[in-house]
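Beneath this line is the structure, given in structure tokens, with notes to follow.
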Amino acid sequence: MKLTRLYVSGRDIGVNVSVTETTRERMRGLLGRDHLPLDEALLIKRCWSVHTFGMGFAIDVLFLDRHQRVVAIHRDVPKRRMLFNLRATQTLELPAGSAGRHQLSVGASLVLKAST
């Protein structure tokens with residue numbers, strides 16, 4: 002996976018984002034992890050639906066369009082749920098509460114910059 006940094010409205014919000022690059026990485030997602038640290042997120046490319054079956058913790062799910070604009074936010078998604086958004090081309094998964102903590106909203110443009 003490629004590691005990037007998340008910027009919102011030009012500011013670094015202190016979140017490192019792992020970006021899936023292969024089908025296997027997309028299929029695995031966050032499965033097998035027991036938590037997601039507050040300063041980490043997962044961007045799943047070519048993805049308009051996610052599930053939380055097999056996960057033991059809640060997450061915030063942001064659906065993004067091809068320009069990395071937020072088209073939908075689902076907060077505190079518990080285990081055993083399925084979500085989809087036909088307008089989305091990618092999905093950003095964050096620790097539960099992160100969308101509120103970082104004041105993310107529908108319409109926000111996200112920028113990912115390579116970590117140094």
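The sequence shown begins at 2 in the numbering used here and counts up by one. Built from N, CA and C at the ideal position, the CB exists for glycine as well. What you are looking at is a predicted structure, and each value in this text was computed from that prediction instead of being measured.
The Cβ atoms of arginine 70 and glycine 101 do not sit closer than 8 Å to each other. With a minimum length of 3 residues, the unbroken runs of beta strand (DSSP E) contained wholly in the stretch 38–79 fall at 41–46, 50–52, 60–65, 71–78. Of Gly11, Thr21, Val51, Gln91, the smallest CA-CA separation from arginine 67 is found for Gln91.
Taking the Cα positions, leucine 7 is about 25 Å away from lysine 80. Residue nearest to valine 18 within the set Met56, Arg25, Leu39 is Leu39 (criterion: CA-CA distance).
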